[in-house]
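In my numbering, the protein residues as written are 86 to 932.
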Amino acid sequence: MAGKKKGVSHITPNDFTNFGELLRYLRNRAAITQRELAVQVGYHYSYLSRIERNERFPEANMILARFVPALQVENEPEWAERLVALAMLGRGETESPSPLTLTQTTTTAVPAERLPIPPTQAATEPPPDLPRPLTSLLGREHEVAILVQLLGNPDIRLLTLTGAPGIGKTRLALQTAAEAASQFAEGTLFVDLSGVRDPLLFTPALLQALNLPETAGQMAENLLLQALHGRHQLLVLDNFEQIIPAAPVVSRLLRHAPQLKVLVTSREILRLNGENEFAVPPLPVESELGAPAVRLFAQRAQAAQPGWQLTADNQTAVAELCQRLDGLPLAIELAAARIKLFTPEAMLARLDKRLGWLTGGKRDDHSWRQTMRGAIEWSYQLLNEEEKQLWAGLSVFLGGGTQTAVAEVCGGDLDTLVALAEKNLLTLRPAMTAEDELHFGWLESLREFAAERLASQPSLHQQMSHAHAQFFHQFLEQQAQVRQQGNAVGWLNSLDEAYPNIRAALAWAAEHRQGELALSLGVQLVEYWEVRGYFEEGRQWLGAAVGIASAEPSALLAQAWRGRGILTLRQNDFEEAFAHYHHSIALWQALGNEEARAHALLDLGMVLRNEGSLDIASPPVYFEEALAIYERLGNARGMGNALNQLGLTAYFRGDFTAAYTYLMACLEKRRSLGDKVILTGVLNNLGLATYALGDYGAARAYHEETLRLRQELGFEGRISQSRTNLALTLVRLGELDTAEALAYTSLQTSLRLKLKAAVVEVVEVLAFIAAQRQQVEHAACLLAASEGIRQRMGIPYDKAQEIDMAWVRGVLGTAVGGEAWQKGWASGFYLTREEVAQKALDFKSEK
């Protein structure tokens with residue numbers, strides 16, 4: 086609140102300059118808690134907390150309909166007016182409702198389901214989780230308004246947009262989601278399914294979109310259901326038609342997540358109970374200058390030829406052309422792109438020759454598909470033979486590709502590629518740096534048409550697909566060298582961009598039973614799948630590859646079994662991982678490859694240690710045997726890996742001195758290799774060991790070096806871990822303010838990346854800080870929440886953490902068990918990760 090403090094009786098609405106402060110004041114005046122107000126206005130309490138921090142601002146209709154009655158200011162229009170004005174100021178809006186409208190609305194609240202539809206804003210800023218369209222949406226104001234209203238209806242949970250390819254389902258869904266985002270406390274989540282062809286990969290795709298780790302089979306869906314259960318969110322699923330058999334998963338999501346709504350784009354309905362279909366209509370094609378289809382043609386034509394104008398002389402021809410194209414946006418855009426070559430009248434003459442027989446084509450095909458094919462066919466027929474051949478060949482690429490890839494796979498040159506881009510049959514992304522390459526992409530409906538052309542030439546199709554798979558196999562081999570040279574960031578970025586095509590190569594190899602190729606592709610992707618968390622998908626591909634490969638012992642087969650073990654272990658399926666590793670060891674023994682057998686021995690030791698087998702000799706025995714093999718072979722990297730695992734095993738057993746000794750030996754090996762990725766691992770572990778030994782100065786130095794290297798590499802999740810570890814160390818050194826800043830940054834990152842265990846650990850650091858400051862109730866609340874979550878998740882304290890818990894109770898002394906302690910403990914024990922994290926963030930904002 087601006088100005089000097091005043092007594093309550095002298096406070097006026099104009100004393101408040103931001104919405105959050107005014108809302109908090111009125112809430113306190115009405116004697117209601119943040120949670121109580123959240124319930125009354127239909128928001129999650131965490132979202133309401135963000136509103137009070139001025140991070141989000143509700144719309145005027147929502148304020149008048151729900152906030153005003155809840156805050157008991159129905160008969161105080163000056164307060165209601167100020168609420169609306171400050172909210173609109175926060176949203177960047179300039180027009181406010183008139184005082185008369187406010188007075189009338191605050192007398193009788195409008196029910197949520199009858200709120201008036203706000204006018205559609207073509208320039209609405211998309212929420213952060215929505216792709217940002219490159220062009221404005223024309224002629225869809227009415228449809229957007231209807232869809233926003235439908236999403237506001239509490240009885241509608243599943244809304245499916247259907248229609249022809251190119252009719253604009255995705256663009257309409259994006260605009261609708263942007264307009265409706267404020268109805269949902271947690272906004273929107275957009276999931277592009279265009280690269281997902283297997284229904285079994287639908288759940289992993291959702292987990293990836295949510296930044297959740299994949300798990301096996303039913304566990305994956307259970308994790309998904311748990312993650313979405315409490316969300317008040319709009320989930321947008323784009324291009325669902327290719328995975329229709331996965332539709333029952335959507336139904337189960339809606340049953341288990343009562344506040345979730347789903348907006349789907351598909352060429353066919355999902356056929357689920359409760360589904361509401363909205364058939365996207367063509368653009369209106371009236372002959373007036375302002376008709377949406379005509380406006381779209383004019384806009385795209387002017388983009389292709391800036392001097393072109395829609396005039397009284399050509400408007401009739403343009404309107405007729407749009408009519409003949411049935412108002413399909415893609416067809417109109419393709420036609421408009423030809424404005425440099427043909428006038429609208431000339432286009433009509435040429436279009437007659439193509440669409441005349443296409444619209445009267447096969448009766449068992451959909452009429453819209455005949456029309457759409459006609460529009461694309463017309464553009465296709467304008468190509469020369471070289472362009473046609475290249476365009477068809479490019480359809481083997483999913484998500485586009487580089488100029489080099491095009492040349493290797495299809496034999497196309499740069500001039501032909503540019504010619505296709507100029508005719509709007511694909512898009513080109515220019516090279517931005519000396520190392521970058523020209524990259525092409527295109528609309529999925531255009532790729533499908535080109536794929537039909539390629540399929541009509543079986544020999545060429547086979548040749549192109551095989552060349553495509555071989556190219557991306559070679560690409561992976563090249564990227565393995567990049568990885569070995571220590572450029573982990575470049576390696577990850579390259580694989581991320583190429584991954585849709587790599588998936589296509591994997592699918593082709595599996596479908597055509599190319600066992601060796603499938604094995605090689607899969608083996609080279611194991612580390613990528615592990616880093617990106619694609620555990621379940623990787624297991625599926627490797628399982629398929631092993632199934633079609635020869636059973637004869639080979640290095641590739643042994644590597645594939647080891648890869649299956651690595652990914653299975655990451656999903657905590659210890660028994661199956663153990664079996665996979667044993668299979669790999671047997672193959673390596675048959676091949677006489679000692680180095681590879683040592684790798685597998687390390688893996689087996691990790692399985693036993695992670696399973697909790699710390700009281701038996703097995704893990705270190707495996708590690709020691711592996712170390713001996715590496716020493717005989719002179720393999721420094723392998724020796725470092727074995728020493729690191731021996732150090733970690735000693736650490737988890739509580740033998741911190743032995744851990745330090747092993748890890749220092751590992752550090753010597755890894756520094757000599759110059760690989761920053763593996764170096765950060767041992768530095769982090771040395772920080773933990775020296776912390777446990779009480780040498781906080783050394784621990785600080787190790788964690789600071791780890792953080793610096795991880796920031797250079799861009800490993801966001803690991804950066805968060807380093808911040809937490811450094812913050813914990815600084816707490817013991819008494820640097821509480823710096824520790825707190827690091828911890829809050831780590832908490833926000835861990836929440837965004839859905840790092841479950843990391844959230845728990847950073848909450849514990851914040852609890853230690855509160856204990857040092859004798860904030861007893863808050864410290865007890867955070868500690869109780871941490872303990873409750875650990876019990877429910879099955880995450881025990883390690884030996885060093887047990888020491889920390891005893892220490893923090895000593896810091897609090899006699900306050901433990903007192904009234905403030907008991908109150909904080911009771912309020913925190915049953916909090917979820919998200920709730921305790923929000924409580925910690927709220928505590929920071931209230932200080």
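Virtual Cβ for every residue (Gly too), placed ideally from N, Cα, C.
As the structure is a computational prediction, the values presented were derived from the model and not from experiment.
Query                                                                                                                                                  : Result
Thinking Leu867 and Val847 are a contact (beta carbons under 8 Å), I'd like their distance in whole angstroms, please.                                 : Contact doesn't hold; Cβ gap of about 10 Å is too wide.
Is the CB of Val816 under 9 Å away from at least one CB in chain C?                                                                                    : No chain C appears in the structure shown, which is made up of a single protein chain.
Please give me, in chain order, every unbroken run of the alpha helix (DSSP H) with length at least 4 that falls completely inside the stretch 94-122. : 104-114
Could you tell me the alpha carbon to alpha carbon distance between Leu916 and Gly873, rounded to whole angstroms?                                     : 8 Å
Determine the contact status of Ala165 and Ile148, defining contact as a CB-CB distance below 9 Å.                                                     : yes
I'd like the list of long-range same chain contacts for Val195, defined as Cβ closer than 6 Å, with 5 residues on each side in sequence excluded.      : Low per-residue confidence applies at Val195: pLDDT is 30, beneath 50, and the placement is therefore not dependable, though the value from the model is reported in the following sentence. So the qualifying residues of the chain are Ala150.
Taking the alpha-carbon positions, what's the Pro284 to His788 distance?                                                                               : 43 Å
Just the Cα atoms here: how many angstroms apart are Ile136 and Leu345?                                                                                : 20 Å
Taking only runs that begin and end inside the stretch 710-787, name each unbroken alpha helix (DSSP H) of 4 or more residues, in chain order.         : 721-738, 741-758 and 761-777
Taking C-beta to C-beta, are Ala262 and Leu348 nearer than 9 Å?                                                                                        : yes
Less than 9 Å separating the beta-carbons of Ala595 and His558?                                                                                        : no
When the Cβ atoms of the stretch 643-651 are set against those of the stretch 665-674, are three or more pairs found closer than 8 Å?                  : yes
Do Val676 and Ser639 have their CB atoms nearer than 9 Å?                                                                                              : Note that residue 676 is Leu in the sequence shown, not Val. Cβ distance < 9 Å, so Leu676 and Ser639 count as in contact.
Measure the alpha-carbon distance for Thr401 versus Asn469 and round it to whole angstroms.                                                            : 30 Å
Have a look at Val844, Glu887 and Leu897 and flag the residue whose alpha-carbon is nearest the alpha-carbon of Val861.                                : Leu897
Look at the alpha carbon of Leu443 and the alpha carbon of Glu462, and state the distance between them as a whole number of angstroms.                 : Confidence in Leu443 is poor, its pLDDT being 27 and thus under 50, which makes the residue's placement too unreliable to answer from.
Assuming Lys425 and Ala378 are in contact, meaning their beta carbons sit under 8 Å apart, how far apart are those beta carbons, in whole angstroms?   : Not confirmed; about 20 Å, so no contact.
If you draw a straight line from the alpha carbon of Thr742 to that of Gly526, how long is it in whole angstroms?                                      : 56 Å
Compute the distance between the beta-carbons of Leu308 and Leu297, then report whether it is under 9 Å.                                               : yes
Compare the C-alpha of Leu295 against each of Lys839, Glu520, Leu545 and His314 and name the closest.                                                  : Lys839
If you reduce the DSSP assignment to three classes, tell me which class Lys473 lands in.                                                               : helix
Pick helix, strand or coil for Lys425, following the three-state DSSP scheme.                                                                          : coil
Over the uninterrupted alpha helix (DSSP H) stretch that includes Glu801, give me the two end residues.                                                : Glu801 to Leu818
Cα-Cα, which of Ala554, Ala922 and Arg242 is closest to Arg598?                                                                                        : Ala554
Can you give me the start and stop residues for the alpha helix (DSSP H) that His317 sits inside?                                                      : Element bounds for His317: n/a, residue is neither H nor E.
Should Asp658 go down as buried or exposed, given a rule of 16 or more other Cβ atoms within 10 Å for buried?                                          : buried
Does DSSP put Gly486 in a helix, a strand or coil?                                                                                                     : strand
What number of angstroms, rounded off, separates the C-alpha of Pro211 from the C-alpha of Tyr781?                                                     : Residue placement at Pro211 is flagged as unreliable, the pLDDT there being 48, under the threshold of 50; the coordinate-derived value follows with that caveat. Straight-line Cα distance between these residues: approximately 46 Å.
DSSP puts Leu348 in a beta bridge; with which residues?                                                                                                : Leu244 and Val321
Whole angstroms is fine: what's the gap from Pro543's alpha carbon to Arg282's?                                                                        : 21 Å
If we ignore side chains and look at the alpha-carbon of each, how far apart do Asn139 and Glu271 end up?                                              : 15 Å
Taking the alpha carbon of Asp803 as the reference point, which residue from Ala824, Ala305 and Asn770 has its own alpha carbon closest?               : Contrary to the premise, residue 803 reads as Arg rather than Asp in this sequence. Here the closest residue by C-alpha is Asn770.
Candidates Glu660, Ala331, Gly719 and Ala828: which alpha carbon is nearest Met27's?                                                                   : Nothing about residue 27 can be reported from this structure: the residues present for the chain run from 86 to 932 only.
Put Ile202 into one of helix, strand or coil per three-state DSSP.                                                                                     : The pLDDT assigned to Ile202 is 28, lower than 50, so where the model puts this residue is not dependable, and the model offers no usable value.
Alpha carbons only, please: which of Glu362, Pro143, Arg316 and Ala925 is nearest the one belonging to Gln268?                                         : Pro143
Go through its chain and collect everything with a Cβ distance to Glu615's Cβ below 8 Å, but skip five positions before and after it.                  : Gly623, Ile651, Leu652 and Arg655
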